[in-house]
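Notes to accompany the following structure.
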Amino acid sequence: MLSRSIVVQSLRSIRDRFFDTRRQRNEQNDVQETRDDVTGPSLDNLSVDMQFLIMTFLSPQDLCRLGGTSTYWRSMVRDPVLWKYFLLRDMPLWQSVDHLSVPDVKLTGSAVLDDSQMQFDYMAEYLRICPACRNQWRHQPRATFESVTSFFQSLVPVADPQFAMFGPGLEQLEISLMTTIMNSPHILPIAGIPQRQIDGALPLLIVYSSIGSGISFKYKDQHRFNIATLYSTNRTERERARLEHLSLRSKLFVYQEDSESNMPLSLNPMFNQVCQAMNGFIFVANAETERGVDRGWEEESAQIRFMLDPVVGIVSHPILVLSCVSRETADRHRIPCVTIAHQLQLSSLPNPWMVQDTTAETLTGLLDGIDWLLRHSGVKL
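The opening position of the sequence shown corresponds to residue 123 in my numbering, with each subsequent residue numbered one higher.
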């Protein structure tokens, strides 16, 4: 994290250069000035320390408006050190990140910026990836032709989208995310059990007991979608592994025989048909910091890639990563969603993806993730 003193120092140098340039210009034009600053009560007259403090309380939109008030504030607001400070400060607090908003630059807390970093537009990068700015653009009124297209598409019957949910967060957390979802009709009402059996699901259910019941939900009381829960093993083994903090091999994947490694080699071929029938995927990541530093990110990253592999080349299916913790408390912290995206190497995926902070106890953030998943699956919301 950049220290405040470094930012203030950078802003002070900008201020000094600005007024030196203005003084030189005035001297050339034979203009007399009694002081460098603007006279009278003005935001410009405050100390740089106070100006920076005020800027730390402003939203990105307000900072942009401030930069449009004068040449002086345009120079101050465009400072790359200032926006790098905001990036390092705010990124761990952002509740979502996706394939369009993942940072293009590796951010570090170095005290100074080298030449390459000074060339980087940190302000534009912040505005591109900040969730508040993304949401503002997303909720702009649609063009007329888009509304007409949506109307005609609504006249064509479309099968309910189907999503496969998997990942260690389904099994390792103290509070079951899926159980909470099924018992929260005020958030996601259950619309029923799909009557059409997914090809290949029934034999797998008998052999492995690893596919949960497919449940049909209703989003915003009008959009139906189905979730098939893919567990790594049967319920007894999952509960034992959770209580004893054991690492089990998932029966969804193929592993090297006579090896202690939990790195999968491929998706179990028996699940290919199931995956090909899906419109998208939901990966539940365990984002609780109490589980330690070594959380098998490489294994989880490989699982995501193998799960997506059967449909690569057909459709670029979206994948929603729920960065999940059991509950939110003052003494319990979560791994930031940008860290989850980095550890799972999601930037290298050709598929659209999003990481959304979620709490199993309250389902906070779940609807934002479902909204994104449905939109990227072709559902007009």
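We put the beta carbon where it would ideally sit given N, CA and C, even for glycine. These numbers were taken from a predicted model, which means no experiment stands behind them.
Classify F285: buried if its beta carbon has 16 or more other beta carbons within 10 angstroms, exposed otherwise. Along the sequence shown, one-based indexing puts residue 285 at 163. The residue in question, F285, is buried, as its Cβ has 16 or more Cβ neighbours within 10 Å.
Can we say the stretch 282-301 touches the stretch 439-452, given the rule of at least three CB pairs closer than 8 angstroms? yes
Taking all protein chains shown into account, decide if G500 is buried (16 or more other Cβ within 10 angstroms of its Cβ) or exposed. Taking the sequence shown and counting its residues from 1, the one referred to as residue 500 is at position 378. Flag for G500 reads exposed.
Quick check on F242: does DSSP put it in helix, strand or coil? Translated into the one-based positions of the sequence shown, residue 242 becomes position 120. It is coil, neither helix nor strand.
Under the rule that 16 or more other beta-carbon atoms within 10 Å means buried, what is E361, buried or exposed? Within the sequence shown, residue 361 is the residue found at index 239, counting from 1. Burial call: exposed.
Runs of beta strand (DSSP E) wholly within the stretch 390-452 (minimum 3 residues, chain order): 402-408, 441-447
Distance, Cα to Cα, G402 vs I176? Within the sequence shown, numbered from 1, the residue matching residue 402 stands at position 280. Within the sequence shown, numbered from 1, the residue matching residue 176 stands at position 54. If I take the Cα positions, the gap works out to 44 angstroms.
Does DSSP put T178 in a helix, a strand or coil? Start at 1 with the first residue of the sequence shown, and residue 178 comes out as number 56. The answer is helix: DSSP assigns T178 an H, G or I state.
If you draw a straight line from the C-alpha of P283 to the C-alpha of Y244, how long is it? The count along the sequence shown starts at 1 and reaches residue 283 at position 161. The count along the sequence shown starts at 1 and reaches residue 244 at position 122. The alpha-carbon atoms of P283 and Y244 are separated by roughly 38 angstroms.
Identity of the residue in S354, W494, W475, R456 nearest W513 by Cα: Outside the shown range of the chain (123 to 503) lies residue 513, about which nothing can therefore be said.
Helix, strand or coil for N473, going by three-state DSSP, please let me know. As a working note, residue 473 is residue 351 in the sequence shown. In this structure, N473 counts as coil in the three-state DSSP scheme.
Whole-Å CB distance - L374 paired with F405, under 8 angstroms assumed: One-based indexing of the sequence shown puts residue 374 at position 252. One-based indexing of the sequence shown puts residue 405 at position 283. So it is not a contact: roughly 12 angstroms between Cβ atoms.
Quick one: what's Y353 bridged to in DSSP? As a working note, residue 353 is residue 231 in the sequence shown. Y353 pairs with nothing; no bridge assigned.
How many angstroms separate the CA atom of V376 from the CA atom of P391? As a working note, residue 376 is residue 254 in the sequence shown. As a working note, residue 391 is residue 269 in the sequence shown. Going by the C-alpha atoms only, they are around 9 angstroms apart.
Output the distance between the C-alpha atoms of L488 and M213, rounded to the nearest integer angstrom. Within the sequence shown, the letter at position 366 stands for residue 488. Within the sequence shown, the letter at position 91 stands for residue 213. Going by the C-alpha atoms only, they are around 19 angstroms apart.
Whose CA, out of H439, D166, A409, lies closest to the CA of I136? Translated into positions along the sequence shown, residue 136 becomes position 14. I136 has its Cα closest to that of D166, out of H439, D166, A409.
By a C-beta neighbour count over all protein chains shown, 10 Å radius and 16 as the cutoff for buried, is P307 buried or exposed? The residue labelled residue 307 in the question sits at position 185 within the sequence shown. Exposed, since its Cβ has fewer than 16 Cβ neighbours within 10 Å.
Find out if the Cβ-Cβ distance for the pair N408, G336 is shorter than 8 angstroms. Position 286 of the sequence shown, counting from 1, holds the residue named residue 408. Position 214 of the sequence shown, counting from 1, holds the residue named residue 336. Going by C-beta atoms, N408 is not nearer than 8 angstroms to G336.
Are N384 and L430 touching if we call contact CB-CB under 8 angstroms? Counting from 1 along the sequence shown, the entry for residue 384 is found at position 262. Counting from 1 along the sequence shown, the entry for residue 430 is found at position 308. For N384 and L430, no; Cβs fall outside 8 angstroms.
What is the residue span of the alpha helix (DSSP H) that K206 lies within? For the purposes of this step, residue 206 is taken as the residue at position 84 of the sequence shown. 202-212 is the extent of the alpha helix (DSSP H) around K206.
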